[in-house]
Amino acid sequence: MSGAPIGLFDSGVGGLSIWRQVVHALPSEPLLYVADQAHVPYGHRSAAEIQAHSQAIADYLVAEGCKAIVVACNTASAVALEPLRQRFPQLPILGLEPAVKPAVQLTRSGVVGVMATPATFQGQLYRATVGRYATAVQVVEQVCVGLAELVEQGELEGPDCDARLMGYLKPMLAAGADTIVLGCTHYPFVIESIRRLVGPSMAVVDPAPAVARHLADVLAREGLLAPAERGPLEPASRYRFATTASPSDFNRALSRLVGVSSSSQALIWQQRPDQSPVLHPA
Ligand code: DGL
Numbered sequence: 367m368s369g370a371p372i373g374l375f376d377s378g379v380g381g382l383s384i385w386r387q388v389v390h391a392l393p394s395e396p397l398l399y400v401a402d403q404a405h406v407p408y409g410h411r412s413a414a415e416i417q418a419h420s421q422a423i424a425d426y427l428v429a430e431g432c433k434a435i436v437v438a439c440n441t442a443s444a445v446a447l448e449p450l451r452q453r454f455p456q457l458p459i460l461g462l463e464p465a466v467k468p469a470v471q472l473t474r475s476g477v478v479g480v481m482a483t484p485a486t487f488q489g490q491l492y493r494a495t496v497g498r499y500a501t502a503v504q505v506v507e508q509v510c511v512g513l514a515e516l517v518e519q520g521e522l523e524g525p526d527c528d529a530r531l532m533g534y535l536k537p538m539l540a541a542g543a544d545t546i547v548l549g550c551t552h553y554p555f556v557i558e559s560i561r562r563l564v565g566p567s568m569a570v571v572d573p574a575p576a577v578a579r580h581l582a583d584v585l586a587r588e589g590l591l592a593p594a595e596r597g598p599l600e601p602a603s604r605y606r607f608a609t610t611a612s613p614s615d616f617n618r619a620l621s622r623l624v625g626v627s628s629s630s631q632a633l634i635w636q637q638r639p640d641q642s643p644v645l646h647p648a
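For the sequence shown, the residue numbers in my numbering are 367 to 648.
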């Protein structure tokens with residue numbers, strides 16, 4: 367079991383911001399990443415839809431023998447984390463919540479901005495996090511409609527991207543925020559543009575390194591770390607990728623976003639007679 371892969375999934379390429387930190391923190395672990403690009407973006411979908419897609423992907427990852435799952439998507443975590451944990455109680459399943467706690471520790475102005483999707487802000491997880499950690503600060507919630515799509519399209523810089531980002535950043539700047547939380551796993555891929563636009567006095571919090579460290583702790587605690595004598599694996603045997611849309615588009619994004627050249631597998635979304643969605647390798 368300890369030699370089994372860790373499964374990660376997102377609505378698209380955003381979870382690769384978590385994936386690259388897991389690669390860094392856990393160099394001996396094989397990883398299986400699924401991008402649900404047939405259904406990206408998740409951010410404006412209903413909770414029931416996001417739960418159905420997340421469950422189908424988790425079923426696939428479990429069928430592939432994954433020893434743990436990282437829901438590398440704030441939106442899916444917001445609505446599907448608890449149902450997934452109930453479905454697979456024996457499996458460590460980690461999710462993402464906007465990094466409000468570290469932001470509250472960092473802020474000096476007492477105003478924290480959070481960038482996320484509509485579904486993340488509507489979820490119980492976000493409300494509970496704010497209620498627990500942010501009672502003494504002002505939280506400015508910025509719904510970033512269209513930003514995950516921009517990252518999916520590879521538009522990570524340039525005047526149009528800057529103009530779009532400024533539209534999201536302005537209300538937080540106007541409110542006096544000195545700390546901004548990236549509450550969607552797509553957003554770290556535009557962190558350099560955000561930093562340039564807001565200037566050096568603003569702290570921009572990317573939770574990905576902390577998530578990877580937490581995963582390492584959980585695997586160690588559960589006795590699930592890959593055997594140490596195995597050493598770092600060759601990339602080809604270590605990294606597997608699948609997308610529910612176009613493998614060639616995903617491969618291009620892989621090399622653009624994380625500098626990895628690999629061939630991803632196609633997963634075709636099908637309906638069984640009982641209508642529940644399942645994923646099949648093409
Ligand atoms: N990457 C996802 C997240 O962390 C969501 C983007 C989307 O599909 O709307 O929230």
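Note that the Cβ used here is the ideal one computed from N, Cα and C, for glycine as well. Owing to the predicted nature of the structure, the values given are computational and were not obtained by experimental measurement.
query = Is T609 near the ligand DGL, judged by its Cβ being under 7 angstroms from some heavy atom?
reply = Stepping through the sequence shown from its first residue, residue 609 is reached at position 243. For the ligand DGL, not one heavy atom lies less than 7 angstroms from the Cβ of T609.
ask   = To which residues of the same chain is V577 closer than 6 angstroms at the C-beta, ignoring the five residues directly before and after it?
value = As a first step, residue 577 is located in the sequence shown; it is residue number 211 there, counting from the start. Cβ neighbours of V577 beyond the five flanking positions: I384.
task = Would you identify the three-state DSSP class for T545, choosing helix, strand or coil?
result = Taking the sequence shown and counting its residues from 1, the one referred to as residue 545 is at position 179. T545 sits in a strand when the DSSP states are folded into three classes.
request  = Verify whether the separation of the beta carbon atoms of G696 and L392 is less than 8 angstroms.
outcome  = The question about residue 696 has no answer here: the residues shown for the chain are numbered 367 through 648.
query = Which class does D528 belong to by DSSP, given the choice of helix, strand or coil?
reply = For the purposes of this step, residue 528 is taken as residue 162 along the sequence shown, with counting starting at 1. Residue state, collapsed to three classes: helix.
Residues of its chain near H580, where Cβ-Cβ distance is below 8 angstroms and the 5 sequence neighbours each way are ignored = Along the sequence shown, read from residue 1 onward, the residue named residue 580 stands at position 214. Short of 8 angstroms from the beta carbon of H580, and not among the five residues preceding or following it, lie these beta carbons of its own chain, in chain order: L460.
request  = Output the residue ranges of the beta strand (DSSP E) runs that lie fully inside the segment 436-500 and measure 3 residues or longer, sorted by chain position.
outcome  = The qualifying runs are 477-482.
task = Return yes when the C-beta of A582 is under 7 angstroms from any heavy atom of the ligand DGL, and no when it is not.
result = Taking the sequence shown and counting its residues from 1, one reaches residue 582 at position 216. In this structure, A582 has its CB at a distance of at least 7 angstroms from all heavy atoms of the ligand DGL.
Buried or exposed by the 16-neighbour rule on C-beta atoms within 10 Å, applied to Q452 = Stepping through the sequence shown from its first residue, residue 452 is reached at position 86. Exposed, by the Cβ-count rule.
message = Among the candidates H552, K467, L457, whose CA atom is the shortest distance from the CA of G520?
response = Residue mapping note: residue 520 aligns to position 154 of the sequence shown, counting from 1. H552 is the residue among H552, K467, L457 whose C-alpha sits nearest the C-alpha of G520.
ask   = Three or more beta-carbon pairs under 8 angstroms between the segment 494-503 and the segment 605-623, yes or no?
value = No, because fewer than three Cβ pairs between the segment 494-503 and the segment 605-623 fall closer than 8 angstroms, the two stretches do not touch.
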